[in-house]
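Sequence lines, in order, name chains A and B.
For the record, in the first sequence the residue sitting at position 320 is 518 according to this note's numbering, with numbers rising by one throughout.
For the record, in the second sequence the residue sitting at position 307 is 1087 according to this note's numbering, with numbers rising by one throughout.
Read the structure below first, then the notes.
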Amino acid sequence: MKSKNMLIKVWSMVIVFGVLITACGAPAAQPATATEAPAMTEAPAATEAPATEATGKMFDGVTIDILAYVGPQVAEPLQRRGPDFTALTGATVNIITVPNSEIYQKVLTDAVSGTNAYDGYLFAPSWIVDFAPAGLIEDLTPYVEKDAALEWDDVAPFFRDFNSYDGKIYSIPLDGDMHMVYYRIDSLAEAGLEPPKTWDDYLNVAKTLNGTDLNGDGEADYGSCISKAPAKQAYWWIWSIAAPYIQSQGNTQGAFFNTTDMTPLVNNDAFKRALEVYKETGLYGPPDETNQDVTDSRGLFLSGRCALTLDWGDIGPLAIAPDSKVIDKTGAISNPGSTEVLDWDTGKLVPCDATTCPYAIDGVNHAPFASFGGWAGAVNAAVDQKQKDAAYAFFSYMSQPAQSNKDVVVGKTGYNPFRISQFEDKQAWLDAGFSQAAADQYLSGIEESLNSPNMVADLRIPKNQKYMQVELDRILSEYIAGDLTTDETAQQIYDSWEAITEEEGRDAQLTFYKGTIGAK
Amino acid sequence: MGWALSLLIEFIIMNTQTEESRPSRLHSVISNAADRLAGSVFILPTVLALLFLSLFPLIASLYVSLAKFDIAPGGFKLTFVGWDNYKKLLVGSEGTHFLGKFAPGTPLTWIVFGGVVIALAIFLARYLLNARVSIGGLIGRVLLALGSGALTWMLVHTLWNGGRLGTASVTLVYVFVGIFFQYILGLSLAMLTVQNLPGRRFFRVVFLLPMMITPVGVAYMFRMLTDTSKGPFTPIWQALGLVDFSWVNNAWGARTAILIADVWQWTPFMFIVLVAALESQSIEPLEAATVDGANSWQIFQHITWPAILPVSMTLILIRLIEAFKIVDLPNVMTNGGPGTATQSLTFHAYINWRALDIGASAAVAYMLLFLVTFFAMIFVNLIRQRTVETL
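As structure tokens, then:
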């Protein structure tokens, strides 16, 4: 009996060890590495006529997963048109949505960890500089070249360039983004005020109309609505305000960094003035503006509670929607400017004249800010070719004039015009409910910004997300909260940006920056 | 592995020999060895699995906290940067974010800090004068004194006179203020529902509901409740003349809103455990005290409180460890604002992680680990001391 027990114990131990050794010695599954880019095959574009039912469709059995912003805008057209795309090509489209502040991290962790859960990403094209050199996203140039239905030449030149890196196309634009100021035509007219030409005018209008009843409900409303919540859009608004104070010599001069030594253009009187303007707008806004994002400020403007707001092109179409309280009361203008601009040598503000402001209009220097650059679709470079083809075809389908020209005139899509035809053919806007005057004013406001020789494009250098969305956003929110003075804020942004530049390499970053703005 | 193989070989040899030829000594050696090793061998797979799941990530994340993460062709690369991520947190560009903005000292600053230093000195002196001094005990107490002194220095320089709390101090506020109110309220409700009152069973269930709601849901609910312009309490705020008031415009207003939500959600946890502790009390001492003419407070102080103390200590320890990880409420209710006023350490780590600054994120997480360990050890020692005193 004793012997039997011993036998059981020893054999049990042998089994345990055997299992352990087997487990440890089992060959690990080889993870797919992002380096192994599948061989490029001919890219089937959505332009190709779908095969007949008898022979099967182009992407029968293929399912593509697309990462997108949670919306409700932006993802909405993808979700609405997904079934149409399936009917056309056979590919099933899954739209996975996440908050805006998590898209960058989701894309990168998905790609660099080799998870490859997504076949395509709808993201900010300014991030291409981080993804393309690492080979994480597909070079779409060969796809675009074979895709006549995409009508690439119809995409406005600025957006064509913004979606490219090192001469290659990496993303397909579905949206064109440009900041604009919207105002209440009726309220300004009643008060005898002109639409603001400068940011000082903006403050004056906001101050005058703040506390007046703008929507006839008997309650006091707000002079200005510009959201200020942390981790939302504040870091873009500040640059819309700062741009005309900093850049005056054309779009190759630069507004973020000095093109001689890559030092940030923030610790100067121009940026400090912009900080003060941004903070002062809060005095004429809703009490909880420090916790509001663009959806809140947009909602307030559309419900008739704000005299002025700063936003992307979305408010134009949203203002004519049936539930809008500002139908035919909404005016749109290119961003206000400044009569004083930065002297780059002294860091002081100097008055505009023919030398200091060569592009000034009536003595006002304007520098419209192409903030964000518009939502664009990129394809994961590490997925199977069939998946790539289907993901590209879906983005192409969404961007083609047949779909896009209908989507940009609808406010809930979150897509704004980016094609030449969308500016030229006003009938679609009239059909959507715009009056002729409203369509003319809205489209000319965007076109004016797009064609400005002094436009500022969003930052497009490596780690731009950290410069803007992390460091600038954090310090700016502390300034808005009253934790930092204007001087401390400018100094802290300067220091944190310098630290990132040092980490990434000053010369490399300078080369990138000059390349993206076309500086010599 | 060698000893196991030799044992196996010996066993095979033994089995090939006849019954008579087997040396009884060998049999005995193998039997003893098998008895001795069986427990360890059988537990080995579990130990290895646990080590793999807990120790390996701990060591890996320690390395990540000493490295810089970069995207590289084909994936990513980690470059060893030494203490850079920690230096950035303690004395570098992240210093004010992590530790806060230090204001010049005031008389109050020095009085409070001086008081704490004197208390720590007395604490150390009492230990040294004790007959049972050990090296380990002394090192532990010196570390405790240094840590407490440093935390006090940080708090007294950031709490007033123009100072600003960093994510470390904000986390401490959430933990200690939150737990204090959760315990007091939980105990009060528990005392109430163990009385023979009508509807007590119904209220026991109702009081538990907040704990069953997802924290994100709680956060959205309180975000709406504290919204003075759109929330359901708008008429009340208006009646109170608070139309142009916002909780989130003020740092302490926003922190208070988050604390109220946290207390609302976690009081039920304290409540339910304390109800169980109260109901498990022996009835005889209570009856004896009543017969002897003790009043309610005397009964609570001398009978109930000592009886529920061990449970309370454990309860607070569990909440302490859990509360340090608060992130969902500030993320949803205030986005960490105004400024960085409501950001906790986990939120701080999350922000760095979101920007793929994985090294800095891991460094913040490690600082959080040090803080949790520090306070948990103090608390565990306190429990041990109390238990010894009770015995």
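For each residue, glycine too, the CB sits at the ideal point set by N, CA and C.
Problem - C-beta neighbour in chain B for K664(A), strict 9 angstroms - result: Residue-level contact by beta carbon holds for K664(A) and chain B, with a gap shorter than 9 angstroms.
Handout entry: Collapsed DSSP secondary structure at P549(A) in the structure displayed
Key = Looking at P549(A) - three-state DSSP - the assignment turns out to be strand.
Exercise for the section: Compare the C-beta of F836(B) against all C-beta atoms of chain A and say whether one is closer than 9 angstroms. Expected result: With 9 angstroms as the cut-off, F836(B) does not count as an interface residue toward chain A.
Problem - For Y711(A), the first and last residue of its enclosing alpha helix (DSSP H) - result: Y711(A) -> alpha helix (DSSP H) spans R704 to I715.
Handout entry: 9 angstroms Cβ cutoff met for A579(A) and G333(A)
Key = Yes, the pair counts as a contact, with Cβ atoms nearer than the cut-off.
Problem - Buried versus exposed, by CB contacts within 10 Å (16 or more), Q271(A) - result: Label assigned to Q271(A): buried.
Practice task
Taking only beta-carbon positions, decide if D140(A) is within less than 9 angstroms of chain B.
Solution key: Nothing can be reported for residue 140(A), as the shown portion of chain A is limited to 199 through 718.
Problem - Short CB-CB distance (under 9 angstroms) between I724(A) and chain B - result: The shown model of chain A, from 199 to 718, leaves out residue 724(A), and the question about it has no answer.
Problem - Status (buried if at least 16 other CB within 10 Å, exposed otherwise) for Y381(A) - result: By the neighbour-count rule (16 or more Cβ atoms within 10 Å), Y381(A) is buried.
Exercise for the section: Could you tell me the distance, in whole angstroms, from the CA atom of S525(A) to the CA atom of M1147(B)? Expected result: Correcting the residue identity first, residue 525(A) is Ile in this sequence and not Ser. When rounded, the distance between both Cα atoms is 54 angstroms.
Practice task
Sort W573(A), M666(A) and V577(A) by Cα distance to F616(A) and report the nearest one.
Solution key: Measuring from the Cα of F616(A), the nearest candidate turns out to be W573(A).
Problem - The beta strand (DSSP E) enclosing R382(A), as first and last residue numbers - result: Segment M378 to R382, the beta strand (DSSP E) holding R382(A).
Handout entry: Sequence ranges, beta strand (DSSP E) only - wholly within the segment 480 to 552 of chain A, length at least 3
Key = Whole beta strand (DSSP E) segments, 3+ residues: 504 to 509, 528 to 532, 538 to 541 and 546 to 549.
Handout entry: Best match in Y907(B), P1048(B) and S1009(B) for proximity to L988(B) [C-alpha to C-alpha]
Key = With distances taken between Cα atoms, L988(B) lies closest to P1048(B).
Handout entry: Against chain B: residues of the segment 481 to 515 of chain A by CB proximity under 7 angstroms
Key = Under the 7 angstroms Cβ criterion, the segment 481 to 515 of chain A contributes P484, P485, D486, T488 and N489.
Practice task
With 9 angstroms as the threshold, decide whether the Cβ of F329(A) is near any Cβ in chain B.
Solution key: Among the CB atoms of chain B, one or more fall inside 9 angstroms of the CB of F329(A).
Practice task
Please check if any C-beta of chain B sits within less than 9 angstroms of the C-beta of T307(A).
Solution key: Taking 9 angstroms as the threshold, the shortest C-beta distance from T307(A) to chain B falls below it.
Practice task
Could you check if W1044(B) is buried or exposed, using at least 16 other CB atoms within 10 Å of its CB as the buried criterion?
Solution key: When all chains shown are included, W1044(B) counts as buried.
Exercise for the section: Can you check DSSP and say which residues form a bridge with A266(A)? Expected result: As a beta-bridge residue in DSSP terms, A266(A) pairs with T295(A).
Handout entry: Residue burial classification, G259(A) (beta-carbon count within 10 angstroms, cutoff 16)
Key = Flag for G259(A) reads exposed.
Exercise for the section: Please report how far the alpha carbon of S369(A) lies from the alpha carbon of N361(A), in whole angstroms. Expected result: Between the alpha carbons of S369(A) and N361(A) lies a gap of roughly 5 angstroms.
Handout entry: Cβ pair S650(A), S438(A) closer than 9 angstroms
Key = No, they are not a contact pair.
Exercise for the section: Could you work out which residue in K546(A), R704(A) and D560(A) is closest to A552(A) when comparing CA atoms only? Expected result: For A552(A), the closest of K546(A), R704(A) and D560(A) by C-alpha to C-alpha distance is D560(A).
Exercise for the section: Can you give me the Cβ contacts of T239(A) inside the same chain, cut-off strictly under 6 angstroms, excluding the 5 residues immediately before and after it? Expected result: Residue confidence is low: T239(A) scores 36 on pLDDT, short of 50, so the model does not pin down where it sits. Its coordinate-derived value is still stated next. So the list reads Q583, once near-sequence residues are dropped.
Practice task
For A852(B), go through chain A and note every residue whose CB falls closer than 8 angstroms to its CB, in chain order.
Solution key: Within 8 angstroms Cβ-Cβ: A332.
Problem - CB contact check: L1136(B) to chain A, cutoff 9 angstroms - result: Taking 9 angstroms as the threshold, the shortest C-beta distance from L1136(B) to chain A falls below it.
Exercise for the section: Output the distance between the C-alpha atoms of L516(A) and A453(A), rounded to the nearest integer angstrom. Expected result: Looking at the two C-alpha atoms, the distance is approximately 31 angstroms.
Exercise for the section: Would you kindly work out how many angstroms separate the C-alpha atoms of I851(B) and L1054(B), rounded to a whole number? Expected result: Using only the alpha carbons, I get a separation of about 51 angstroms.
Exercise for the section: Out of G1033(B), F1154(B), I964(B) and N1111(B), state which residue places its alpha-carbon closest to the alpha-carbon of G997(B). Expected result: The option with the nearest alpha carbon to G997(B) is N1111(B).
Handout entry: Closest residue to G529(A) among K405(A), P566(A), K470(A) and I518(A) (Cα-Cα distance)
Key = Sorting K405(A), P566(A), K470(A) and I518(A) by C-alpha distance to the C-alpha of G529(A) places I518(A) at the top.
Handout entry: Chain-ordered neighbours of E300(A) on chain B, where CB pairs are closer than 8 angstroms
Key = What E300(A) touches in chain B: R1134.
Practice task
For K857(B), collect the residues of the same chain with a Cβ closer than 6 angstroms to its Cβ; drop the 5 residues on either side in sequence, then sort them by chain order.
Solution key: Correct list, in chain order: D850.
Problem - Neighbour list for P462(A) in chain B, Cβ cutoff strictly below 7 angstroms - result: Here the premise fails: no neighbours, minimum Cβ distance about 13 angstroms.
Exercise for the section: Pick out whichever of N533(A), A558(A), G713(A) and D521(A) has its Cα sitting closest to the Cα of V539(A). Expected result: Answer by Cα proximity: A558(A).
Exercise for the section: Could you list which residues in chain B have their beta carbon closer than 8 angstroms to that of V577(A), in chain order? Expected result: Against chain B, the beta carbon of V577(A) has no neighbour under 8 angstroms; the closest one sits roughly 17 angstroms away.
Practice task
Check the Cβ-Cβ distances between W1027(B) and every residue of chain A, and say whether any is below 9 angstroms.
Solution key: Yes - at least one Cβ of chain A is within 9 angstroms of the one on W1027(B).
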